[in-house]
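Chemist: Residue numbers for the sequence shown follow numbering that gives the first Met the number 0, beginning at 0 and rising by one. Every residue, glycine too, gets a C-beta built ideally from N, C-alpha and C.
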Amino acid sequence: MLKRDISRLQSLKARRTVVPAKSVEDAYHLVYSSTQPWLGLARTQRTASDSPADQLRWEVWIAALTPSPHGIRGTWAQACLLAGQGRDMLWALIEALVPGRSVGSVSQEIQQRIASGALAPSSRLRERRLARSLRVPASSVRLALADLATTGLVEVSANGCFAVVAVSAHVSRHGPATGDHRMLDRDACRMSARVPALSEVPLPHLEQQVLELVAEGYEDPEIASRLGLGTDRHVQYRLARIARRFRLGAVVRPQLVDHAYTHGALAAPAVLHPLLLEANAYGLVRTLAAGRPVNAYARLLGLKPYQAQYLLKKTRARLNATSRASMIRRAWQRQILGPTQFAMDLAGLHVEGPQPPEAGRWVIVPLLSGYRLAAPAGGPQPTRHLDVPDQEAADAAGRFISGRPGFAPLWITQPAKPGEPVRVSWGRPHSALRSRPSAGPIPPSRDAEFCLAQRA
0 MLKRDISRLQ SLKARRTVVP AKSVEDAYHL VYSSTQPWLG LARTQRTASD
50 SPADQLRWEV WIAALTPSPH GIRGTWAQAC LLAGQGRDML WALIEALVPG
100 RSVGSVSQEI QQRIASGALA PSSRLRERRL ARSLRVPASS VRLALADLAT
150 TGLVEVSANG CFAVVAVSAH VSRHGPATGD HRMLDRDACR MSARVPALSE
200 VPLPHLEQQV LELVAEGYED PEIASRLGLG TDRHVQYRLA RIARRFRLGA
250 VVRPQLVDHA YTHGALAAPA VLHPLLLEAN AYGLVRTLAA GRPVNAYARL
300 LGLKPYQAQY LLKKTRARLN ATSRASMIRR AWQRQILGPT QFAMDLAGLH
350 VEGPQPPEAG RWVIVPLLSG YRLAAPAGGP QPTRHLDVPD QEAADAAGRF
400 ISGRPGFAPL WITQPAKPGE PVRVSWGRPH SALRSRPSAG PIPPSRDAEF
450 CLAQRA
């Protein structure tokens, strides 16, 4: 039945002549009637998938093929494009119904081969060869490589080919480059490489006002009207001057906003309660802040252009932003970007990749010194730590995360020297940690206000 519906969708082809409205309506009915019986199965596959890239493609298909409550509105070309998305979803269902390995297990197998040296650094990863070696479909290999690309183990070129990342001196701060801890913070490397030194000359007041309005999401005509600049060309001229002062090669507004916040050309916005984004959405925000196009990030994940635009729209709505530049401002407010400790915790955890569902969830820990982010122990990280300023903060953090899945056993290690941070640890204790003095057992508590009010 799936192949029969695929054949029905293949009958819709692009035309250069004008198509009557009745034919367009019939085409939409054909697409919806061929895909509606399978949307329930597609939702099941999305829920059962252990791959962020796989979940994203199912979500895009489901959103596109769900009929709008406002009726059918579109052209013949849009109906043909929708039919193509329907064919892609039905072919994916045919592959998913065949018993086999999950995308997550394929990703772990490739990661183990990279760590063991079977896949040499800088070597090109050929999808079909890997698929034959692992005895899985080529689409599963491509989705697994897209997941590994977000962790920095592999990189994608402009033509969509994957390659193992060469080991460099910039190693993740989570451990040495040995075994499972060989993680490279690729996003941090690209971000630092794309942020030149800021000119010592501060921005003029007018250019500061222009950039602040751009960060708030105003369009060029509104900015020109508010500041009395005449036309929107004067706004573009001011942005070009700002880019030259920042020594950037092009006027990319999200990059200008992030660069100004990073180097103090604009006052950073007041921080709000942290927000956790999905791995793909977080990578998209980092891509915009680095001044890279969305299509480049789509190739990195193996997504099609319409899937990347859907991810951009979804992330913008999640941040409650109106433009790409305002997404950067909202990301600084919600501590996704910026110099806060929570932002650094978030960047470090995203380098490790998505957590398995059985390991629990990341926990936002409220402290008097600011928010922190803790992840459950397990898998390649049997023991995790959280360094806090003093014993009071350690007690509050311990009481907040105690009793949650993946955070047991939990203990507090006193610093070796006065003035050093106190370490809250959980997971599998090491022998070296057991020898140090530690606090007694921590009673579980889920009340954040109670934790903030406790004293040692």
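#1: Are there 16 or more other CB atoms within 10 angstroms of the CB of methionine 182, so buried, or fewer, so exposed?
#2: Taking just the CA atoms, how far does serine 67 sit from tryptophan 425?
#3: Indicate whether leucine 367 and alanine 392 have their beta-carbon atoms separated by less than 9 Å.
#4: Taking 9 Å as the cut-off, decide whether the C-beta atoms of leucine 274 and arginine 323 are in contact.
#5: My understanding is that glutamate 94 touches proline 136, with C-beta atoms under 8 Å, so please give their C-beta distance in whole angstroms.
#6: For my contact list, leucine 238 and leucine 255 are in at a C-beta cut-off of 8 Å; report their separation, rounded to the angstrom.
#7: According to DSSP, is serine 32 part of a helix, a strand, or is it coil?
#8: To the nearest angstrom, how far is it from the Cα of tyrosine 260 to the Cα of alanine 267?
#9: Rounded to whole angstroms, how far is the Cβ of serine 45 from the Cβ of glutamine 54, which I believe are closer than 8 Å?
#10: Counting pairs of beta carbons, one from the region 307–319 and one from the region 340–351, are three or more of them closer than 8 Å?
#11: Determine the extent of the beta strand (DSSP E) in which tryptophan 410 is found, giving its start and end residues.
#12: What ranges does the beta strand (DSSP E) occupy inside the region 222–298, keeping only unbroken runs of at least 3 residues that lie completely in it?
#13: Report the option in Asn279, Ser121, Gly85, Ser22 whose CA atom is closest to the CA atom of serine 32.
#14: Kindly confirm or deny that the region 148–155 and the region 55–63 touch, where touching means at least three C-beta pairs closer than 8 Å.
#15: Can you tell me whether DSSP reads glycine 99 as helix, strand or coil?
#16: Would you decide whether valine 97 is buried or exposed? Buried here means 16 or more other CB atoms lie within 10 Å of its CB.
#17: In angstroms with no decimal places, state the Cα-to-Cα distance between glycine 405 and alanine 374.
#18: Rounded to a whole number of angstroms, what is the C-alpha to C-alpha distance between arginine 125 and valine 163?
#19: Would you mind stating whether leucine 8 and valine 30 have Cβ atoms separated by less than 9 Å?
#20: Using CA atoms only, rank isn't needed, just tell me which of Phe161, Pro220, Leu142, Ala145 is closest to alanine 119.
#21: For aspartate 179, which residues from the same chain have a beta carbon less than 7 Å from its beta carbon, with the 5 sequence-adjacent residues on both sides left out?
#22: Just grab the DSSP bridge partners of serine 424 for me.
#23: If you run the structure through DSSP and keep just helix, strand and coil, what is glutamate 218?
#24: Strictly by DSSP, which residues pair up with tyrosine 305?
#25: Is the Cβ-Cβ distance between serine 325 and glutamate 211 less than 9 Å?
#26: Is it the case that the Cβ atoms of serine 101 and serine 48 are separated by a distance below 9 Å?
#27: Who are glutamate 154's beta bridge partners in DSSP?
#28: Please classify serine 10 as buried or exposed, where buried requires at least 16 neighbouring CB atoms within 10 angstroms.
#29: Can you grab the Cα-Cα spacing for the pair alanine 130 / valine 105, in whole Å?
#30: Who are the near neighbours of threonine 314 in its chain, counting only those whose CB is closer than 8 Å to its CB and skipping five residues on each side?
#31: I'd like to know whether the C-beta atoms of arginine 91 and arginine 123 end up nearer to each other than 9 Å.
#32: Roughly how many angstroms separate the alpha carbons of alanine 316 and alanine 289, rounded to a whole number?
#33: Is glycine 70 buried or exposed, if buried means 16 or more other CB atoms sit within 10 Å of its CB?
#34: Can you tell me which of Pro381, Ala330, Leu302, Thr339 puts its alpha carbon nearest to the alpha carbon of tyrosine 370?
Modeler: Walking through what the data contain:
#1: Here the model assigns methionine 182 a pLDDT of 35, short of 50, so the residue's position is not dependable and the matter cannot be decided.
#2: 48 Å
#3: yes
#4: no
#5: 5 Å
#6: 7 Å
#7: helix
#8: 5 Å
#9: It is worth fixing the name first, because residue 45 is arginine in this sequence and not serine. With 8 Å as the limit, arginine 45 and glutamine 54 qualify as a contact, their Cβ atoms being about 5 Å apart.
#10: no
#11: 409–412
#12: none
#13: Gly85
#14: no
#15: coil
#16: exposed
#17: 8 Å
#18: 11 Å
#19: yes
#20: Phe161
#21: Interpretation of aspartate 179 is limited by its pLDDT of 35, a score under 50 that renders its predicted location unreliable; the figure taken from the coordinates is listed afterwards. Correct list, in chain order: Ala114, Pro379.
#22: His384, Trp410
#23: coil
#24: In the DSSP output, where bridge partners are listed per residue, tyrosine 305 has none listed.
#25: no
#26: yes
#27: Ala162
#28: exposed
#29: 9 Å
#30: Leu276, Ala280, Leu283, Val284, Met326
#31: The sequence shown places alanine at residue 91, not arginine. No.
#32: 20 Å
#33: exposed
#34: Thr339
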